[in-house]
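Working notes, beginning with the structure itself.
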Amino acid sequence: GRCHPNLRKLVLRSHLIRKMEGVGAFKSLEVLELYDNQIEKLEGLDEGGGGGDDDDDGAEGGDDADGGRRRGGCVGSGLLVLDMSYNVLRDMSPVSVCANLTELYLAQNKLKVITGLKNLKSLRKIDLGANRIRVMPDEELGELTSLEELWLGKNKIEKIGGLVRLTKLRRLDVQANRLTSVEGLTSQADTLEELYLSHNGIDDDGAARETGLALPFAKLNTVDLSRNRLTTTEPFSHLLALEELWLSGNEIETFDSVLPIANLGSREGAALRGIYLEMNPVAKDYEYRKKVKEMLPSLEQIDADMIGGNAAMGYETAAMAMT
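Residue numbering for the sequence shown follows this note's numbering, beginning at 2 and increasing consecutively.
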C-alpha cells in the first residue's frame with residue numbers, strides 16, 4: 002500500500018493542502034494534525050472501517066482497549082487528537098464520528114456554530130479560538146463532563162453559557178468577545194484555576210454577578226480582565242487563591258479603588274504574586290509602584306517588572322560585580 006497501516010501519528014503542517022484525501026487509509030491513526038493548510042471541509046474521518054493490523058497490540062496493557070476502540074469503526078473513531086487549526090473550515094459537524102477524541106483544535110477557521118460535540122464525552126481540551134462563533138450552546142457543550150480546558154477567544158460571544166455540567170473545567174478563555182458580564186460559572190467554583198476574559202465590555206456590575214466572580218472559587222489562581230471597563234478591584238477581594246491578577250487598560254483611577262484587594266497581598270499566607278494595572282489612570286501616579294507594593298507586600302511583580310528583595314539584591318550584586 003501507499004501508507005503504513007499502523008501509523009499512529011500524522012503531522013502535515015503548512016503544506017498548502019486543500020483536501021483531506023486518503024485519510025481513511027490510516028486505520029491506526031491516533032493523532033492527526035493538519036495545522037495551517039487551506040482545507041475547506043472536514044472529510045474522510047468516517048472512512049476506513051474494519052480496524053488496523055493490530056497483531057502487535059497485545060504487548061501493552063492499554064492496547065486491547067485501543068484495538069476495541071478501532072475495530073469495525075472509521076478512522077475518526079480511533080483519533081485521540083485532531084488539530085485542524087488555521088484552515089478555512091466552515092462546518093465542524095463531521096467531528097461527531099471522533100467519539101474518543103481527548104483534544105480538539107479548530108482555531109482560526111471560519112466556524113459560526115459549535116456543533117458535532119455532544120457525544121464526544123472523552124474531550125478534555127477544546128480550542129475554537131478566532132472563529133465567528135456567537136453562542137456557547139448547552140446542547141453541544143453540556144455533556145462534555147470530562148472537559149478541563151475550553152478556549153473560545155476572539156469570537157463574537159455575548160454570554161458565557163453551556164457550562165452547568167462541566168464540573169472538571171480548569172481553564173476557560175473567552176477573551177476578545179462581546180461579553181458584558183461574568184456569569185454561568187456556578188459549577189466551576191471548586192475547579193476553575195484560570196479565567197481569561199480580556200478585551201470585552203465587562204464593567205463593575207458585570208464583574209460582580211452571583212454566578213460569576215462573586216462565587217467562592219477555591220482554586221482560581223489567574224484572572225485576566227485586561228481591557229475591560231472596571232473602575233474598582235472590589236469583584237476580586239474574596240479570591241484568596243489568586244496568584245496573578247491582570248487588569249491592564251481598565252478605568253481604575255485611585256488607590257482607594259485598588260484597596261479592596263489589599264487583603265490578597267497582605268494577609269498571612271498571601272498568594273498574590275503578580276498584578277498588572279498599567280494603562281489605568283492610577284498607574285500615572287509618580288509613586289504608583291511604591292504605593293501598590295506597600296498595599297500588597299506579597300507582590301513579586303508589578304506590570305512587566307520584577308520587584309522584591311531577592312530580585313533587587315540579585316540586581317545590585319550583579320552591578321557591584323561589574324564595577
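For every residue, glycine included, the Cβ atom is placed at its ideal position computed from N, Cα and C.
Remember, it's a predicted structure, so these values are computed and weren't measured experimentally.
Excluding sequence positions up to five before and after Arg172, its CB lies within less than 6 Å of the CB of Glu150 and Glu195, all in the same chain and listed in chain order.
For Lys126, the uninterrupted beta strand (DSSP E) segment begins and ends at Lys126 to Asp128. Under the DSSP definition of a beta bridge, Tyr106 partners with Asp84 and Asp128. Exclusion of the five residues before and after Leu214 leaves Val183, Ala208 and Pro236 as the residues of its chain whose Cβ lies within less than 6 Å of its Cβ.
Just measuring C-alpha positions, the residue of Leu180, Cys99 and Val96 sitting nearest Met137 is Leu180. Counting only the Cα atoms, Lys294 lies some 10 Å from Glu288.
Secondary-structure assignment with DSSP links Lys10 through a beta bridge to Val32. Gly275 is bridged by DSSP to Glu245 and Gln302.
Linking Gly130 to Ser78 through their CA atoms gives a straight-line distance of about 24 Å.
Between the C-alpha atoms of Glu144 and Ser97 there is a straight-line separation of about 13 Å. DSSP links Met296 through a beta bridge to no other residue. Put simply, the backbone Cα of Met21 is about 53 Å away from that of Ser299.
Per the DSSP secondary-structure output, Asp257 pairs with nothing in a beta bridge. Contact check for Glu104 against Lys119 fails: the beta carbons are separated by 9 Å or more. Under the three-state reduction of DSSP output, Glu140 falls in the helix class. Taking each of His200, Leu30 and Cys99 in turn and checking the Cα distance to Leu43, the smallest one comes out for Cys99. In the structure shown, Val114 adopts coil according to DSSP, grouped into three states.
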